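Student: Start counting at 1 in the sequence shown, then tack on 2, and there's your number in my numbering.
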Amino acid sequence: MSGIDRKIILDRRHLAKHLPNTPQRELLLQRLGAGEDTPLQVAKLSSWQVLTGTHTVFFRGYDRYGSMFTEAIGVRIDPNGSKIPLFYGEVKIDADNKYHPIPRTRPSEE
3 MSGIDRKIIL
13 DRRHLAKHLP
23 NTPQRELLLQ
33 RLGAGEDTPL
43 QVAKLSSWQV
53 LTGTHTVFFR
63 GYDRYGSMFT
73 EAIGVRIDPN
83 GSKIPLFYGE
93 VKIDADNKYH
103 PIPRTRPSEE
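#1: Taking the alpha-carbon of leucine 17 as reference, which of Glu111, Pro105, Ser110, Ser84 has the nearest alpha-carbon?
#2: Give me, in chain order, the residues of the same chain whose beta-carbon lies closer than 8 Å to that of leucine 88; leave out the 5 immediate sequence neighbours on both sides.
#3: Quick check on this structure: which residue in Gln32, Ile86, Val93 has the alpha carbon closest to the alpha carbon of arginine 66?
#4: My guess is that isoleucine 10 and isoleucine 95 are in contact by the Cβ rule of under 8 Å, so how many angstroms apart are they, rounded?
#5: In chain order, which beta strand (DSSP E) runs of at least 3 residues are fully inside the region 81 to 112?
#6: Check the C-beta distance from aspartate 13 over to tyrosine 101 and give it rounded, since I have them as a contact under 8 Å.
#7: In chain order, what residues of the same chain lie with their CB nearer than 8 Å to the CB of proline 109, ignoring the 5 residues before and after it?
#8: Going by beta carbon distance, what residues of the same chain come within less than 8 Å of glutamate 111, once the five residues before and after it are set aside?
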């Protein structure tokens, strides 16, 4: 299925961990040793996925829609400081139809 065929609402609780210089992102870096730097791409990713994302999997309580981009939509920062460009975008939708976008290296897997 291409595109999301139901009314969804942006869940703003998750956005800060994808933005630079936020306490949520710093906590993620400390906990996981890696993080993302995607300041301006979150809105682009959200709107693109709503229109064209393909349902990939239901995993950990979320429907997931995703697609590849020709340009990097973000950067993952590894523990050693290296930066990995992110070309895959995913939108996670919970049971209450709240969603949040995630730039990734590849689709989520069960």
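Glycine is no exception: its CB is placed at the ideal position from the N, C-alpha and C atoms. These figures come from a predicted structure and were not determined experimentally.
Tutor: In brief:
#1: For the options Glu111, Pro105, Ser110, Ser84, the alpha carbon positioned closest to that of leucine 17 is the one of Pro105.
#2: If we look at leucine 88 and ignore the five residues flanking it on each side, its Cβ neighbours are Glu38, Thr40, Ala74, Ile75, Gly76, Val77, Arg78, Pro105, Arg106, Thr107.
#3: Here the closest residue by C-alpha is Val93.
#4: Beta-carbon to beta-carbon, isoleucine 10 and isoleucine 95 are separated by about 6 Å, close enough to satisfy the 8 Å threshold.
#5: Counting whole runs of 3 or more residues, the region 81 to 112 contains the beta strand (DSSP E) stretches 85 to 88, 90 to 95, 100 to 106.
#6: With 8 Å as the limit, aspartate 13 and tyrosine 101 qualify as a contact, their Cβ atoms being about 6 Å apart.
#7: Closer than 8 Å at the Cβ level, and outside the excluded window around proline 109, lie Thr58, Val59, Arg66, Gly68, Tyr90, Glu92.
#8: These residues qualify, in order along the chain: Val59, Phe61.
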